[in-house]
Amino acid sequence: MREIGIGIMGGGYMGKAHSVAMSAVGAVFGTKLRPRLELICASTPETAEGYRKAYGFKRATASWEKLVHDPDVEAIVIATPQSTHRAAAETAFSLGKPVLCEKPMGATLADAEAMTKAAEATGVVNMVAYNYIRTPASQYARQLIAEGAIGDITWFRGEHTEDFYSDPEAPATWRTEGMANGTMGDLAPHMINAALALLGPIKTVMAEVETVHHTRPGGKVTNDDQAQMMCRFDSGAMGHMYFSRVATGRKMGYAYEIMGTKGSIKFDQEDQNALRLYRAEGPEASRGFTKILTGPAHPDYKPFCLGPGHGTGYQDQIIIEAKDFLEAIEARQAKWPTFRDGLEVQRVVQAALNSHKDKQWTRVSRG
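In terms of the numbering used here, the sequence shown opens at residue 966 and continues consecutively.
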């Protein structure tokens, strides 16, 4: 075992999650690299110092440049707004420092392309933080599909739906400004990433993007509340996805349903410790979906708990993510999802936005 100095940009919602994950990952997974919380960065010296005390970092700063260049910071987690990702990542790569970057990678497709180019030119370990696909249940779904358990995939339905803006009287905030902070920038990437992970590349899309509440107390809304997208995968499978932050009653509606020639799979993040599997075999009278409760037999579950059905939670997904990042650094080989995988997500997002503008089926760019 050896220590590795971790620098985290951002101390809010995701900054806290990553800080806790880096504190716990060594004990949970017994990683060869043991994180040392070296330096945390926030927008002001006062907030940075508050995060330092709360999370146990050695030092704090209000300068991301200072964090990235610090000789005791050996790996960097970017958990700040999208507009800050590109410059920090490019600088880190130029210094040979591995980067785990929150999704989406950048504020624009151009950002994502430049970040991927920088990562691949230097060969430094890089990862994008798509945590929901890392639940033991979704990892098992990927395994089942790869093994051919449900045959050839014919159809995919996915959604990422929440209701944090379903109330028209909820005030305008930074979330209601700019497309990078709208539903296509915030929620859609998670489910698009899931679709790519489960079924492979998407060839074409047909999308509608919509603002439901154009004004809110305090200002105008300049981004989207919901969107729907039909798609065709390279494999030939048909798909549909829906994304919304105004889906009344939905709290964590990251859900998918996959149809194959030999069976089907269903998953819903609001019941994240269960996967539903249908196998088209045996007498018709006894066929039906089986509810599989995750346990030690499923990927990345056992280090948390030895009891089947006891379950893992949101923070555990971030710990799994931290484990993958540390293992990639230790092996000096990037793990999925890399920046290249994150770029593919943003290419699908851009194709969807272009489709909405042009009112037609649109091919996803391959660069």
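Glycine included, each C-beta is placed from N, C-alpha and C at the ideal position.
Which same chain residues end up closer than 6 Å to residue i when comparing Cβ atoms and leaving out the 5 residues on each side of it in sequence?
i, result
"Val1042", "Ile973, His983 and Leu1065"
"Glu1055", "Ala1083"
"Ala1072", "Gln1047, Ser1048 and Ala1145"
"Gly976", "Ile1005, Ala1007 and Tyr1016"
"Phe1022", "Leu1002 and Ile1005"
"Phe1290", "Leu1065 and Met1092"
"Met1194", "Val1170, Ala1172, Met1206 and Ala1317"
"Thr1126", "Ser1209, Ala1212, Arg1215 and Gly1218"
"Ala1057", "Val1033, Ile1041 and Val1064"
"Pro1268", "Val993 and Phe994"
"Glu1246", "none"
"Gly980", "Ile973 and Ala1044"
Any heavy atom of the ligand ZN closer than 6 Å to the Cβ of residue i?
i, result
"Asp1128", "Ligands are entirely absent from the displayed structure, and the ligand ZN is therefore not among its contents."
Going by Cα to Cα distance, which pick from the options is closest to residue i?
i, options, result
"Thr1259", "Ala1077, Pro1133 and Gln1104", "Gln1104"
"Ala1114", "Gly1218, Leu1318, Gly1228 and Glu1039", "Gly1228"
"Lys1322", "Tyr1219, Glu1173 and Phe1304", "Glu1173"
"Asp1199", "Ala1013, Ala1052, Pro1101 and Trp1120", "Trp1120"
"Glu1286", "Pro1248, Thr1303 and Ala1075", "Thr1303"
"Ala986", "Phe1129, Ile1284, Leu1291 and Glu1292", "Ile1284"
"Val1314", "Arg1181, Thr1148 and Gly1247", "Thr1148"
"Glu1309", "Arg1024, Gly980, Ile969 and Thr1081", "Thr1081"
"Asn1096", "Ala1159, Lys1168 and Gly1201", "Ala1159"
"Pro1069", "Leu1060, Ala1094 and Gly1061", "Ala1094"
"Gly1184", "Thr1141, Leu1163, Ile1157 and Asp1037", "Thr1141"
"Glu1085", "Ser1330, Gln1311, Gly1247 and Arg1305", "Arg1305"
"Arg1328", "Ile1110, Ala1192 and Lys1168", "Lys1168"
"His1275", "Ser1059, Ala1239 and Gly1307", "Ala1239"
"Arg1107", "Leu1161, Asp1281, Leu1152 and Glu1078", "Leu1161"
"Glu1175", "Ser1320, Ile1157 and Glu1112", "Ser1320"
"Asp1281", "Ile1294, Pro1273 and Asp1265", "Asp1265"
Leaving out five residues before and five after residue i in sequence, what residues of the same chain have Cβ atoms less than 8 Å from its Cβ?
i, result
"Ser1028", "Cys1006"
"Arg1297", "Val1090"
"His1178", "Tyr1130, Pro1133, Val1186, Asp1190 and Val1211"
"Arg999", "Met966, Arg967, Glu968, Ile969 and Gly991"
"Gln1234", "Tyr1097, Thr1100, Met1217, Gly1218, Tyr1219 and Ala1220"
If you draw a straight line from the alpha carbon of residue i to that of residue j, how long is it in whole angstroms?
i, j, result
"Thr1316", "Ala992", "This sequence places Ala at residue 1316; Thr is not what is there. Each residue's Cα considered, the two are about 42 Å apart."
"Glu1222", "Asp1035", "46 Å"
"Thr910", "Thr1213", "Because the chain here runs from 966 to 1332, residue 910 falls outside it and cannot be looked at."
"Ala1202", "Pro1182", "43 Å"
"Ala1192", "Gly1123", "12 Å"
"Glu1295", "Gly1088", "14 Å"
With burial defined as no fewer than 16 other Cβ atoms inside 10 Å of the residue's Cβ, what is the status of residue i: buried or exposed?
i, result
"Ser1209", "buried"
"Lys1288", "buried"
"Thr1277", "buried"
"Phe1232", "buried"
"Met966", "exposed"
"Glu1067", "buried"
"Ala1075", "exposed"
"Thr996", "buried"
"Arg1099", "buried"
"Ser1251", "exposed"
"Lys1324", "exposed"
"Lys1062", "buried"
"Asp1037", "exposed"
"Leu1163", "buried"
"Pro1136", "exposed"
"Pro1010", "exposed"
Cutting at 7 Å between CB atoms, please list the residues of its own chain near residue i, excluding the five before and the five after it.
i, result
"Thr1026", "Leu1004, Cys1006, Ala1013 and Leu1032"
"Trp1139", "Asn1146"
"Gly1116", "Gly1225, Thr1226, Lys1227 and Gly1228"
"Gly1143", "Thr1187 and Asn1188"
Need the endpoints of the beta strand (DSSP E) that residue i sits in, please.
i, result
"Thr1119", "Ile1118 to Thr1126"
"Ile971", "Arg967 to Met974"
"His1205", "Met1203 to Ser1209"
"Ser1229", "Gly1228 to Asp1233"
"Leu1271", "Taken as a continuous stretch (DSSP letters only), Leu1271 belongs to no beta strand (DSSP E), as it is neither H nor E."
"Arg1001", "Leu998 to Cys1006"
I need the boundaries of the alpha helix (DSSP H) containing residue i, first residue and last residue.
i, result
"Thr1081", "Leu1074 to Thr1087"
"Asn1238", "No alpha helix (DSSP H) holds Asn1238; DSSP gives it neither H nor E."
"Phe1058", "His1050 to Ser1059"
"Cys1148", "The amino acid at residue 1148 is misidentified as Cys; the sequence shows Thr. Unbroken alpha helix (DSSP H) run through Thr1148: Thr1148 to Asp1151."
"Thr1012", "Pro1010 to Tyr1020"
"Asn1319", "Phe1304 to Asp1323"
With 7 Å set as the bound, which would you pick, yes or no: does the beta-carbon of residue i sit closer than that to a beta-carbon of chain D?
i, result
"Ala1027", "Among the chains in the structure shown there is no chain D, since it carries only a single protein chain."
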